[in-house]
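Residue numbers (my numbering): 540 to 1642. Glycine is no exception: its CB is placed at the ideal position from the N, C-alpha and C atoms. Model, not experiment: these values are computed from the prediction. These notes are about the structure you will find just below.
Now the structure itself:
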């Protein structure tokens, strides 16, 4: 059975490129052939999300089962769809587009970027903003006196003015079409004439009725709600009501709209990529008190696309894959002949490796065979520094392959070398050219694989696996960037039907709130008395220039300092989208404030030459500081809209397939609200008070600006108001003189010291105005029932509710729950070890250990007797002796590591529990291999806190959802009973302390909380590469604990190129483990792991 897939298919080819800032979240879900939804939450006006409608290069499909071949052709294709938006910017808005929310963005096949306005052909529910004015008179009956005067001001400087004569009435003020004796026509005619002359500058029209007239905005929807008009009058006998400053109201964006995209008509029939940008709406206030723009408030959003229809008159929409009969030559396993300076590079390549070179003339030769006529492709990366490769197939020139792409990060791609190659054996030679794309910054060429492609539709797998699936991690693009329908379809094509280990991750699933941050603002003050000249706009004037765009307000006789300030406020709020202005309540004074600290602008004020009044400004609206997006622990439903919607769709599809899934959370959080008090502790801490921070290598946040630099106690101190960081975070600072990276020590909420330099370019020293950001680092959390436990219970309960609503049995996973596995000072380099008793070791840098502590020494060659766990005696800052050791040979230079400095058992809650239980502080534990028996009562406390945490979660969830089940993900590499390491990887793993504190005795047997134990030992498939040890721990739950084999599972490592994942898998199968997960989805697909899965050699089993 086969399936044809098509370009522009939401459930097969579309993706969410991502979303900006960590307070924002978006998810693509409920995708089908006829539509999709993107929903989530905005936390900052600078947030946005990108949904990719078309991508010629499939970044998500599996190379051998579902990844479609590149196809750039959209000739003649028409795309139609209906779109309903809630909480998002209307694409038809006429406001300035800080991001292209009203455009189709694209990159052509020739790598030329561009945008095209979305063609909105119809709308439903679009309503214009309006306001009605009435000419009022204090006379009875109402009458107008000669020289009564009123003005209506738009944007501060567009003035509709009427000076009455003796014949005028309230009705003529509104409706007069010919000039009175003072030369003025009615307000309606003035407004309409101005609009006709310049409909962009005056986006409204007027209709009169007696003494009243209605002004209606001609800009669409809520745009009109940003217009505030200022009424001025000089005498008490004539005025406009409402008087003073009044807003247009009633503008609504459409409830739905129809969009048509004609690629050929737009001149973009050959594309590499096309996408839509989604963004939050302007924070418009429609009330009667506030200005039209107010501070942005976080909100949820949805973009619902229905009636998705593609017209394809040329029949070019179908996509193909490299199907049965295709042959693929991996750069590592095939008989390539490389000449020149090709270097092997690890990463997301076929089998985990590729070759790269940037030297012209370097070449690679391959002889290959294919039994069928085929097209020959190069598997490569397209990148900003990509070069060109010439090709020769069987002595005949083929295509020149250009690997340049207008992209930030490199993209996996296939490029055609030659089409229509006959069946048989062939030789292809690829040579790096001295020529390159003019836009490329280099000549780098990547050889990932060469593929002889026999084009076919997608076919169902020949073999399926009821007990195997890949693990999905919502933090990775392979999961959160594609709709559940596409993700699960990819798994279907692999034949995986087992339980899905679905990790919620630490970045994108939770509701967050800004912690810290600084919004810049400026205060503008008008003073004195301004001259009005003749009274018709030729007197004094004041001006505002914002981001290079200026406007002014000429002073009229009816103006006061308050009305003049209001006119400038109205102009700023009506013209700009990145700032908001508001009166302060002091006559003639207003503020201008950033709507997002991410976007800064220049701001200036001035007055006309010779003006008698004053205008002054204090402050600025330059780029501010983002702060960080911390966990919002106040939420009773802590999972954000994006994740909740994605999970609901994913679970619904899983249920429809009669499969199962297990949702996992871990003890790791990004920016928990830690207070380090007994009641407020969230993070695990070492005895010196420092938090456990992990280096995620997943990006950055906290962008901001250096505000002041000083030197305190020998360290550079940075003022960075509202930085939101914690001690130990890593700052990247950049200026005109270079840049540097430092580990910081927090002084207070607005200052930090640069205490440990990681790197520096150009002898860089930060100065005021330099910019920077911070690395994302997560925290391992403690077991405080009032904070972490309560929060995670809410997470698990919300997830269980979503699974239950989908019709699934709620399976939840307690993922890697435990005390942090490593000491404060890990794997410091050893530079010396003596052949003495005891052994003396030296370190190139200060070691940080003290007498009385324990250390773990690993990987010392020569005097190997130094390796082990030892009491340490400090000799000096870089030397110490290992009590009880006895050297046995000369030290081999450059070998060995030493670890210690204390374990992370000392958060304020745990410390208080120790004092409560023992009337003394918790005992000191220095390494992961300390002897637990040396402080048995203290160890029992630690184990008890862990157990109480796990038990509370399981009990609370099962009380709310009695059918719920819990899986315990138990890592048996870090919790191995004895320390291990290898000569190639001399970093201690496991240890006696870890093994005891992280495996509570109540969970060594089934007790009602744990329904399944899943063993993982991922580092044994990378770094340590220890298959024998992996085989020993796979069945730990049934062989060393007391769980039935049927209630166990194993997570197979397959995430590095060097991992012998096939042997791990076969050993797990032969061990009878009933449920297997492959870690993880992104690596499995990007590295092209093969199916069918490996089987035992005939007559043999791997144990």
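Between the alpha carbons of residue 1086 and residue 1560 lies a distance of about 54 Å.
Taken through DSSP and simplified to helix, strand or coil, residue 1356 comes out as coil. By the neighbour-count definition (other C-beta atoms within 10 Å, threshold 16), residue 1522 is an exposed residue. Per DSSP, residue 1190 is one residue of the alpha helix (DSSP H) stretching across 1180–1195. Straight-line spacing of the CA atoms in residue 1610 and residue 1573 works out to 8 Å. Note that the segment 1075–1093 does not touch the segment 651–668; fewer than 3 beta-carbon pairs, one per stretch, sit closer than 8 Å. Runs of the alpha helix (DSSP H) lying entirely within the segment 1114–1150 and spanning at least 4 residues: none are present.
Here residue 675 carries a strand assignment [DSSP, helix/strand/coil]. Cβ-Cβ distances below 8 Å link residue 1010 to 1039, 1040, 1041, 1042, 1590, 1616, 1617, 1618, 1619, 1620 in the same chain, with the five nearest sequence neighbours on each side left out; the list follows chain order. Residue 1570 carries a helical assignment under DSSP once its states are collapsed to helix, strand and coil.
Ranking 1484, 1532, 915, 845 by CA distance to the CA of residue 961 puts 915 first. Beta-bridge analysis with DSSP links residue 857 to 545. Within the same chain, 1220, 1448 come within 6 Å of residue 1323 by CB-CB distance, once the 5 residues on both sides are set aside. Contact annotation, residue 1451 with residue 1217: C-beta distance approximately 4 Å; criterion of less than 8 Å satisfied.
In the structure shown, residue 689 adopts extended strand secondary structure according to DSSP, grouped into three states. Counting only the Cα atoms, residue 1593 lies some 41 Å from residue 1374. It is roughly 23 Å from the alpha-carbon of residue 1475 to the alpha-carbon of residue 1355. The alpha carbon of residue 1128 has as its nearest neighbour, out of 1145, 964, 1370, 1102, the alpha carbon of 1102. Distance check between residue 1484 and each of 1535, 1148, 700, 689 places 1535 closest, using alpha-carbon atoms only. Following the DSSP letters along the chain, one finds residue 1532 inside the alpha helix (DSSP H) bounded by residues 1531–1536. Collapsing the DSSP output to three states places residue 1556 in coil.
Considering only 1365, 907, 550, the residue with the shortest C-alpha distance to residue 965 is 907.
Residue ranges of uninterrupted beta strand (DSSP E) with 3 or more members, entirely inside the segment 1234–1268 and ordered along the chain, are 1247–1251, 1254–1258. Membership of residue 1452 in the alpha helix (DSSP H) is indicated by the continuous run 1447–1457. Within the segment 562–650, the runs of beta strand (DSSP E) that reach at least 3 residues and sit entirely inside it are, in chain order, 564–571, 574–581, 588–594, 617–625, 642–647. Nearest C-alpha to residue 940 among 947, 930, 949: 930. Approximately 7 Å separates the beta-carbon atoms of residue 588 and residue 555; this is inside 8 Å, confirming the contact.
Here residue 1629 carries a coil assignment [DSSP, helix/strand/coil]. CA-CA distance, residue 754 to residue 1204, rounds to 55 Å.
For residue 1497, the enclosing alpha helix (DSSP H) starts and ends at 1475–1499. Per DSSP, residue 1510 is one residue of the beta strand (DSSP E) stretching across 1504–1510. Residue pairing by DSSP puts residue 1291 in a beta bridge opposite 1257, 1285. C-alpha of residue 1425 to C-alpha of residue 1526: approximately 22 Å in a straight line. Ranked by how close their Cα comes to the Cα of residue 1090, the residues 979, 1473, 1113 have 1113 in first place. For residue 786, the three-state secondary structure derived from DSSP is strand.
DSSP, read as helix, strand or coil, puts residue 1600 in helix.
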